[in-house]
Amino acid sequence: MQVNENFEPVIVAFCCNWCSYAGADLSGTNRLNYPANVKIIRVPCSCRVNPMFILRAFQKGADGVILCGCHPGDCHYTSGNYFTRRRITLLYSMLDFLGIERNRTRLEWVSAAEGAKFAAVMNQFVADVKKLGPNRRLEDLRCRKQ
Amino acid sequence: MQRIGVFVCHCGTNIAATVDVKAVAEALGHEPGVVISQEYQYMCSESGQDLVKNAIKENNLTGVVVCSCSPRMHENTFRKAAASVGLNPYLVEIANIREQCSWIHKDIASATDKAIILGKAAVAKVHLNAPLTAGESPVVKRALVIGGGIAGIQTALDIAEAGFEVDIVEKEPTIGGKMAQIDKTFPTLDCAACILTPKMVEASQNEKITIHSFSEVSDVKGFVGNFTVTIKKKARFVDETKCTGCGLCTEKCPMKKVPNEFNMGLDNRRAVYIPFAQAVPKVATIDPNYCMMLKNGKCGICSKVCSVGAIDYKQTDKFIEQKYGAIVVATGFNPIKLDKYDEFAYSYCPDVVTSLELERLMNAAGPNGGTLLRPSDKTHPHTIVFVQCVGSRCDDGKGKQYCSKICCMYTAKHAMLIREKYPDTEVYVFYIDVRTPGKNFDEFYRRAVEQYDVHYIKGMVGKVTPKADGKIDVQASDLISNEQLHIDADMVVLAAAIEPDKTARPLATMLTTQMDTNDFFTEAHPKLRPVESATAGIFLSGACQGPKDIPETVAQASAAAAKAIGLLCKNSITCNPCVAHSDELMCNGCSACEKVCPYGAITYQDKEFRMPNRTTAIRRVASVNPAVCQGCGACTVACPSGAMDLNGFSNSQIMAEVDAICK
Amino acid sequence: MQETIIKRAKELLADGTVNRVIGWKRGEFVYDITPAVFETAEEIDAEFVFDDFTQANVSKYLIKESRKEGKILAFLKPCDTYSFNQLVKEHRINRENVYVIGIPGGPKLDIEKIKAKGITGILDVKNENYTLKIKTLYGEETMPFYEAISGKCADCKSKKHVVYDELIGEDGDVLESNRFDMVEKLENMTAQERYDFWRGELSKCIRCNACRNVCPACTCENCVFDNPSSGVSNKAAADSFEENMFHIIRAFHVAGRCTDCGECSRVCPQNIPLHLLNRKFIKDINSLYGEYQAGADTTSKAPLNDYNTDDCEPSIVHERGVE
Chain A
11 MQVNENFEPV IVAFCCNWCS YAGADLSGTN RLNYPANVKI IRVPCSCRVN PMFILRAFQK
71 GADGVILCGC HPGDCHYTSG NYFTRRRITL LYSMLDFLGI ERNRTRLEWV SAAEGAKFAA
131 VMNQFVADVK KLGPNRRLED LRCRKQ
Chain B
259 MQRIGVFVCH CGTNIAATVD VKAVAEALGH EPGVVISQEY QYMCSESGQD LVKNAIKENN
319 LTGVVVCSCS PRMHENTFRK AAASVGLNPY LVEIANIREQ CSWIHKDIAS ATDKAIILGK
379 AAVAKVHLNA PLTAGESPVV KRALVIGGGI AGIQTALDIA EAGFEVDIVE KEPTIGGKMA
439 QIDKTFPTLD CAACILTPKM VEASQNEKIT IHSFSEVSDV KGFVGNFTVT IKKKARFVDE
499 TKCTGCGLCT EKCPMKKVPN EFNMGLDNRR AVYIPFAQAV PKVATIDPNY CMMLKNGKCG
559 ICSKVCSVGA IDYKQTDKFI EQKYGAIVVA TGFNPIKLDK YDEFAYSYCP DVVTSLELER
619 LMNAAGPNGG TLLRPSDKTH PHTIVFVQCV GSRCDDGKGK QYCSKICCMY TAKHAMLIRE
679 KYPDTEVYVF YIDVRTPGKN FDEFYRRAVE QYDVHYIKGM VGKVTPKADG KIDVQASDLI
739 SNEQLHIDAD MVVLAAAIEP DKTARPLATM LTTQMDTNDF FTEAHPKLRP VESATAGIFL
799 SGACQGPKDI PETVAQASAA AAKAIGLLCK NSITCNPCVA HSDELMCNGC SACEKVCPYG
859 AITYQDKEFR MPNRTTAIRR VASVNPAVCQ GCGACTVACP SGAMDLNGFS NSQIMAEVDA
919 ICK
Chain C
22 MQETIIKRAK ELLADGTVNR VIGWKRGEFV YDITPAVFET AEEIDAEFVF DDFTQANVSK
82 YLIKESRKEG KILAFLKPCD TYSFNQLVKE HRINRENVYV IGIPGGPKLD IEKIKAKGIT
142 GILDVKNENY TLKIKTLYGE ETMPFYEAIS GKCADCKSKK HVVYDELIGE DGDVLESNRF
202 DMVEKLENMT AQERYDFWRG ELSKCIRCNA CRNVCPACTC ENCVFDNPSS GVSNKAAADS
262 FEENMFHIIR AFHVAGRCTD CGECSRVCPQ NIPLHLLNRK FIKDINSLYG EYQAGADTTS
322 KAPLNDYNTD DCEPSIVHER GVE
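Take a look at the structure:
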């Protein structure tokens, strides 16, 4: 596949307030680089992320969506990320079933202490999405064939 | 029409070095609804805050966006500033352009673009922010302590001391718990009863403390500050208010062969009994499993000898309901059952005992009146082998993976006491490691080794075999000298691992508190909030949270009391306003939200609704208790109809942010 | 069968056990069977029909009906009982107000399959020994019964009634069905092929909402797609989130609650195999979180409202099949 060097993907990252958002702050505090394509939306818990938000992002032009939460067992609210894990597994599996590229979606567990992991995850994710090119499939899944 | 103010912070050069703050302010000034967009060197400084405050007043702002450092840093600062000039604090949003932008990007152009997008997302969100008011919920000035061991007693005494009513619920007929069964305590070797029983008496005499002995918690409803607890007072077939504790019934009862649980089954009690002489309350209890009157209606001797007429064979379980502001869990521990440890012959050799059994054998109020005798033939043992870590630090699935923490010290105590009282007795201790952190603990252990000549052998006991001559063959390995040993012992004492009481798990379910896989209650934070559970208003005291010795238990008990007192002192508690709420008109009543709520904050009720054509209909709808909801949002996604939404992070707010970022 | 059902319905009306009966009646054409509520024996005699075209699942109607005064009699086929039970579990149906009679299920006929044979002007269809005698404006045609079986019956998952007050006929068993075959076939395609397949299918959608309206899991008081504050309601037809994502969101909303009754595909005027989306979720749930049949009982926790601490990670998607 041809990789467009100038392609700058739009990446939406949903981050749980207690772990991943703090982890993102930490990677900033430690001046760890990751591409500016990543824009973070703060949510109280990964379980607040409705699959509709993810679909909405793709439909509005996102090229990749990543969801970050506390590690299983560490949820600030006891069980939120366990629900997240089931919901998101099923959603991502469905998107795969519809033929959407797997690397456009990701779920990662990043703790408040894992600033380095946050940066590494984002670097990898942006690189993966860049390889895929712009999201066309999910944006116009229902457009009539020309 | 919204009037939004945008305030872009330079943070010295922290932001301004990589983000063109002027361009950000300029760009955001053109966003819909934005009436003022300014930048300033330090927005969080006094003068920066004044800038925000003045702008709010002068422009009559309905929303504020601060582009600055992480909201985790200064969200509260700007909320307070807004509130001080009359703008609802929840109409302030922060765009994180430092930690999540200027500090991670080097290229000014892309960092500035990103900062503008983050600012736009915050503006889009603040358009949809609603003023929120933190609710208040009253606090019932009464505490419940579940468990009447030393942890529960200490917590109750401390809370009562602060002037609040406390109820202790204890499942046994007397309070006192495990400490009442212990002979002496380390590292001071003072008698446990001498220091515990005065506290038990103090608890019973304290006007603020009500003891519900022989009782269990059967239901918990409500939330922090306002729990409603149902307590089951089990039928003891003796009227507590009449019984004087004279003990005549316990002497006359003809049913003599009931294993005495207080003495670990090493001797017998009657069917009507008082667990021990200093029991509190000192009231007899009839054991319905053995009482002939209760089983087949024949006997009634206790009733005849009772001069105050306290015996009541018709008594039934009673349920009482009480409201509490705080609940302290102090359910304690038990030694594990050793039936899986056949190699130690525990189940068939009476001279292989657990450490707690040894406590009773050595106790002056125990089955032998304090003389250490072998249970099998009542002879004096000359060689005693202690086995450490039986079921602790165990990876094979038979026992527990954790260290039970107290065994090293109590075994040193046992060894020392035996050598002190019976110098002709040889004492061997087989250990994996000796763990003695604690004030005066290592000195204590060294005394056992150095002054009392206890034989400490690093190694494992492989097999314990009773022999025909009454001796016990202990086969062990000495890891230091790398030898196989055989010791002809008279007694073997097993330091059984300790585990949480079996009542803890159902209780945790009732309280909606967390537990670890070992059934120990989980604290809200392992370091910074060690005596609180993650559920507001529930506190943890003693070994229910993890293995602890007496000093630690008492320390934690007082700490839990202090936390409970801190709560009870308040007349009301302020709630987090960013909680879920349900739109009753859209709610299906399907219970999906209730099933995912970790706090039990959602309840259902049947409500009457107006329907078309002047009719009404009864519908089942969810309602969220804002005092209990912690605002995680799990329910908002579980809800199929979208009736459930979250204040501060509503569906439309997050969608607006998504749209702003993806545009 | 129709006579037995009618007889029992009239008995229960007469003795006051129920004051209404929900069944089916014929529309303009013989094969056009729709649910209907009957209040008298006369109405039943006149219009009640139960034949090879009687497919409609009446469970969803019972949400409203069970909240009315008095008891209603409902005849439920095995597949309908799952939907009914699921709605009872979600507190949508007031179980006390419904008298359930389990009746035999399909296989039922799909008129489209008959029409596909080029048979038009259909006046009547009779099943004689598994040969269909079709009376048309242009004379009589015949075709084998099994060639006209509806898709949802061909993949039947169960002949067992999971809930009933009484049974007419015998109860059956849960079947070993091959209902996941098509899902599996799609899973084994490449991502591009899958995308082309779905794009082709979903592009046919005219957003008539028939799937939503018939679905016994889509019973919200107010659907998110009709609720402006949900953020997905967006009526402008072009560039609309709702338009593009409708079927994914709908399938996700019923995941773990869908009993696989097949009504969505049956009613789709564009013949989009919508049930495959639901079946994909069911298949994933079964393989990742343990076998679960929505509606099989009224007490178990729905898989999406439950969890295990050692559930798989979403990356499992990457480890499976081809991309």
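Protein chains in written order, with the working numbering: chain A, 11 to 156; chain B, 259 to 921; chain C, 22 to 344.
Heads up, the beta-carbon is just placed ideally off N, CA and C, and yes, glycines get one too.
- Residue pairing by DSSP puts residue 298(B) in a beta bridge opposite 267(B).
- Restricted to the stretch 131-159 of chain C, the beta strand (DSSP E) segments that are unbroken, complete and at least 3 residues in length are 143-149, 152-157, listed in chain order.
- The three-state secondary structure of residue 707(B), taken from DSSP, is helix.
- With a threshold of 9 Å between beta carbons, residue 850(B) makes contact with chain C.
- Partner residues in a beta bridge of residue 377(B), as assigned by DSSP, do not exist.
- Between residue 581(B) and residue 487(B), the C-beta gap is smaller than 9 Å, which places the two residues in contact.
- With a threshold of 9 Å between beta carbons, residue 134(A) makes no contact with chain C.
- Residues of chain A whose Cβ lies closer than 7 Å to the Cβ of residue 854(B) are, in chain order, 93.
- Residues of chain A whose Cβ lies closer than 8 Å to the Cβ of residue 324(C) are, in chain order, 96.
- Here residue 602(B) carries a helix assignment [DSSP, helix/strand/coil].
- Rounded to the nearest whole angstrom, the C-alpha separation of residue 766(B) and residue 590(B) is 13 Å.
- Residues of chain C with a Cβ closer than 8 Å to the Cβ of residue 878(B) are, in chain order, 112.
- In chain order, 362 make up the part of chain B whose C-beta sits under 8 Å from the C-beta of residue 44(A).
- The secondary-structure analysis by DSSP pairs residue 644(B) across a beta bridge with 687(B), 751(B).
- Around residue 223(C), the same chain offers 268, 293 as residues with beta carbons nearer than 8 Å, after the five sequence neighbours per side are excluded.
- If you draw a straight line from the Cα of residue 544(B) to the Cα of residue 529(B), it comes to about 6 Å.
- The stretch 566-635 of chain B contains, as complete beta strand (DSSP E) runs of 3+ residues, the segments 576-582, 584-587, 591-593, 610-612 (chain order).
- The Cβ neighbour count for residue 92(A), taken over all protein chains shown within 10 Å, is at least 16; the residue is labelled buried.
- The residue from 814(B), 476(B), 685(B) with its alpha-carbon nearest to that of residue 763(B) is 476(B).
- Linking residue 435(B) to residue 807(B) through their CA atoms gives a straight-line distance of about 13 Å.
- Apart from the 5 residues on each side of it in sequence, residue 278(C) sits with its Cβ closer than 7 Å to the Cβ of 107, 238, 315, 323 in its chain, given in chain order.
- Residues of the stretch 48-74 of chain A with a C-beta less than 8 Å from any C-beta of chain B: 49, 50, 51, 52, 53, 54, 55, 57, 58, 59, 60, 61, 62, 63, 66, 67, 70, 71, 72, listed in chain order.
- Residues are counted here when their Cβ sits less than 7 Å from a Cβ of chain B; for the stretch 198-211 of chain C the count is zero.
- The DSSP-derived three-state label of residue 433(B) is coil.
- Residue contact check for residue 768(B) against chain A: no CB pair falls below 9 Å.
- For the stretch 888-902 of chain B, the set of residues with a beta-carbon nearer than 8 Å to any beta-carbon of chain A comprises 888, 889, 890, 891, 892, 894, 895, 896, in chain order.
- Between residue 370(B) and the set 340(B), 355(B), 410(B), the nearest pair of CA atoms involves 355(B).
- Taking all protein chains shown into account, residue 669(B) has 16 or more neighbouring C-beta atoms within 10 Å of its C-beta and is therefore buried.
- When 9 Å is used as the limit between beta carbons, residue 875(B) is near these residues of chain C: 88, in chain order.
- Contact between the stretch 55-64 of chain A and the stretch 81-97 of chain A is present, with at least three C-beta pairs closer than 8 Å.
- Within the stretch 715-783 of chain B, the beta strand (DSSP E) runs of at least 3 residues that lie entirely inside it are, in chain order, 719-724, 730-736, 741-747, 749-754, 756-758, 781-783.
- Check the Cα spacing between residue 161(C) and each of 172(C), 173(C), 147(C): the tightest is with 147(C).
- Residues of chain A whose Cβ lies closer than 7 Å to the Cβ of residue 796(B) do not exist; the shortest such Cβ separation is about 13 Å.
- In this structure, residue 96(C) and residue 44(C) form a Cβ contact; the two beta carbons are roughly 6 Å apart against a cut-off of 8 Å.
- Annotation note: the stretch 44-84 of chain C contains the following uninterrupted beta strand (DSSP E) runs of length 3 or greater, listed N- to C-terminal: 54-59.
- For the pair of segments examined, the stretch 396-415 of chain B was found to touch the stretch 785-804 of chain B: the number of CB pairs separated by less than 8 Å reaches three.
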